[in-house]
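> With UniProt numbering, you'll find the sequence shown wraps up at 312, consecutive numbering, no jumps.
I have a structure I would like to understand better, so I am pasting it below and will then ask my questions one at a time.
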Amino acid sequence: MRFQNLDLNLLVALDVLLRECSISRAAEQLHMSQPAMSSALARLRTYFGDELLVPVGRKLELTSRAESLKEAVRDVLMRVDNAIAAAPEFNPAESDRKFQLIASDYTAVTLLPHVLALAQKQSRTVRFDLIPLLDRPQRALESGDADLMVIPRTYAWPDHPTELLFEEAFCCVVCNDSSFARSGALTAKQYETAGHVAVQPPAMDKPTLETWFRQRYLKARRVEATTFSFVGAPYLLVGTDRIATMHVRLARIARKSLPLTLFPLPTPMPPMEQMQQWHRHRTRDPGLIWLRGLMHEAVLRMDAGADQNPPD
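Rendered as structure tokens:
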């Protein structure tokens, strides 16, 4: 089939070529031979009057024209897929669908166990693939490589819909052997001058706790250790006199297995709003509607069994 003299089958090849920047990988993904993919690229170059992919050293890179086509081509294919290929209804008991979720290790420990437990009650065949938060995770939504993101509102993309799942407060966490735990108090002055363990998710370009602290106190915290992992942060406190500022739900889980003491923050900090986000063209996807509802149900289950007492 052709549209304005373009073989529409070539759009699929173009989409993969623009994402992979490799003829061999694109051919493998579409189960084509390399000569066939090279022929498709040659036809695309003729149609667009542009090289699209050019050799730079030992790899191929996109031309400016190809860069401008990348999101548009993906958008068109996603529209077609959601309008034609999506099932008219979703029955979890009969589905073997795999949902791809982008989430931090914080979410994987606090919320997702409840999501998977609830899902298993409805289906033994639905599967989940958890994808870590990487640089610009929104690209995975755009490319169709992720179905849903569970992220703070700060990281949500304005081009796609979101729903609030829950709010999360913060607390201070120290080792039981620390001077703070022994004294039974943590003052604002101590918080300002103490050494800290900080979490910096990989390649995130959004404001972090350090940004908030500098804006409030007009100076940086004394960060003595940085980790990419929210779950790993409390382990780095053991045997030290450092402080970690952590999500309350995660801190309560951590102190069940580690010698930790929790303190309220000595200064007010706005709560984190945890959102779920999906591609705008998939709002009516029956499977995603089911999953989004499951997320809300999991939040209720998560908090029903949680320790509701404030930090020590």
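For each residue, glycine too, the CB sits at the ideal point set by N, CA and C.
Decide if residue 261 is buried, meaning its Cβ has at least 16 other Cβ atoms within 10 Å, or exposed.
Within the sequence shown, numbered from 1, the residue matching residue 261 stands at position 261. Classification of residue 261: buried, given that the 10 Å Cβ count is 16 or more.
> By the DSSP assignment, the alpha helix (DSSP H) with residue 107 in it spans what residues?
The count along the sequence shown starts at 1 and reaches residue 107 at position 107. Residue 107 -> alpha helix (DSSP H) spans 105-110.
> Three-state secondary structure (DSSP) at residue 269?
Along the sequence shown, one-based indexing puts residue 269 at 269. Of the three classes helix, strand and coil, the one that applies to residue 269 here is coil, per DSSP.
> Tell me which residues share the same chain as residue 160 and place their Cβ nearer than 8 angstroms to its Cβ, disregarding the 5 neighbours each side in the sequence.
In the sequence shown, the residue the question calls residue 160 occupies position 160. These residues qualify, in order along the chain: 138, 141, 277, 278, 279 and 280.
> Out of curiosity, what's the CA-to-CA distance linking residue 117 and residue 294?
Taking the sequence shown and counting its residues from 1, one reaches residue 117 at position 117. Taking the sequence shown and counting its residues from 1, one reaches residue 294 at position 294. Cα to Cα, residue 117 sits roughly 10 angstroms from residue 294.
> Taking contact to mean at least 3 C-beta pairs separated by less than 8 angstroms, is the stretch 37-45 in contact with the stretch 13-29?
Yes, the stretch 37-45 touches the stretch 13-29.
> Do you know how far the Cα of residue 21 is from the Cα of residue 55?
Within the sequence shown, residue 55 is the residue found at index 55, counting from 1. Within the sequence shown, residue 21 is the residue found at index 21, counting from 1. Looking at the two C-alpha atoms, the distance is approximately 10 angstroms.
> Spatial neighbours of residue 239 within its chain, please: C-beta separation below 8 angstroms, excluding the five flanking residues on both sides.
Here residue 239 refers to the residue found at position 239 of the sequence shown. Answer for residue 239: 175 and 177, listed in chain order.
> Rounded to the nearest angstrom, how far is the Cβ of residue 53 from that of residue 60, given a contact under 8 angstroms?
Looking up residue 53 in the sequence shown gives position 53. Looking up residue 60 in the sequence shown gives position 60. 4 angstroms between Cβ atoms; contact.
> Using the Cα positions of residue 120 and residue 93, report the straight-line distance between them to the nearest angstrom.
On the sequence shown, position 120 is the one that residue 120 refers to. On the sequence shown, position 93 is the one that residue 93 refers to. C-alpha separation (whole angstroms): 9 angstroms.
> Could you give the first and the last residue of the continuous alpha helix (DSSP H) run that contains residue 240?
What you label residue 240 is simply residue 240 of the sequence shown in a count that begins at 1. Where residue 240 is concerned, there is no enclosing alpha helix (DSSP H), given that its DSSP letter is neither H nor E.
> With H, G and I counted as helix, E and B as strand and the rest as coil, what does DSSP make of residue 63?
Here residue 63 refers to the residue found at position 63 of the sequence shown. Reduced to three states, the DSSP call for residue 63 is coil.
> What's the C-alpha gap between residue 26 and residue 37?
What you label residue 26 is simply residue 26 of the sequence shown in a count that begins at 1. What you label residue 37 is simply residue 37 of the sequence shown in a count that begins at 1. If you take the alpha carbons of residue 26 and residue 37, they lie about 7 angstroms apart.
> Would you kindly work out how many angstroms separate the C-alpha atoms of residue 172 and residue 18, rounded to a whole number?
In the sequence shown, residue 172 corresponds to position 172, counting from 1. In the sequence shown, residue 18 corresponds to position 18, counting from 1. Approximately 46 angstroms, taken between the alpha carbons.
> Helix, strand or coil: which one does DSSP assign to residue 51?
In the sequence shown, residue 51 corresponds to position 51, counting from 1. Three-state DSSP puts residue 51 in coil, outside helix and strand.
> Excluding the five sequence neighbours on either side, which residues of its own chain have a C-beta within less than 7 angstroms of the C-beta of residue 298, listed in chain order?
By 1-based counting over the sequence shown, the position of residue 298 is 298. Taken in chain order, the residues that qualify are 111, 114, 115 and 118.
> What does DSSP give as the partner residue(s) for residue 198 in the beta ladder?
Start at 1 with the first residue of the sequence shown, and residue 198 comes out as number 198. DSSP lists 226 as partners of residue 198.
> If we call anything under 8 angstroms between Cβ atoms a contact, is residue 258 one with residue 286?
Counting from one through the sequence shown, the residue named residue 258 turns up at place 258. Counting from one through the sequence shown, the residue named residue 286 turns up at place 286. Cβ atoms of residue 258 and residue 286: not closer than 8 angstroms.
> One question on the structure: do residue 170 and residue 302 come within less than 8 angstroms of each other, judged by their Cβ atoms?
Translated into positions along the sequence shown, residue 170 becomes position 170. Translated into positions along the sequence shown, residue 302 becomes position 302. Not a contact, by the Cβ cut-off of 8 angstroms.
> Counting only the same chain and skipping the five closest in sequence on each side, list residues whose C-beta sits under 6 angstroms from that of residue 226.
Position 226 of the sequence shown, counted from the start, is the residue given in the question as residue 226. Correct list, in chain order: 198 and 200.
> What three-state label does DSSP hand residue 187 in the structure shown?
Taking the sequence shown and counting its residues from 1, one reaches residue 187 at position 187. Looking at residue 187 - three-state DSSP - the assignment turns out to be coil, as it is neither helix nor strand.
> Quick one: residues in its chain with C-beta nearer than 7 angstroms to the C-beta of residue 109, no 5 flanking neighbours on either side, listed in chain order?
For the purposes of this step, residue 109 is taken as residue 109 along the sequence shown, with counting starting at 1. The answer, listed in chain order, is 231, 250 and 253.
> Apply the 10 Å Cβ neighbour rule to residue 104 and answer buried if 16 or more other Cβ atoms are within range, or exposed otherwise.
Taking the sequence shown and counting its residues from 1, one reaches residue 104 at position 104. Per the 10 Å Cβ criterion, buried.
> Near residue 255, which residues of its chain fall below 7 angstroms by C-beta distance, leaving aside the five closest residues on each side in sequence?
In the sequence shown, counting from the first residue as 1, residue 255 sits at position 255. Only 262 meet the Cβ criterion.
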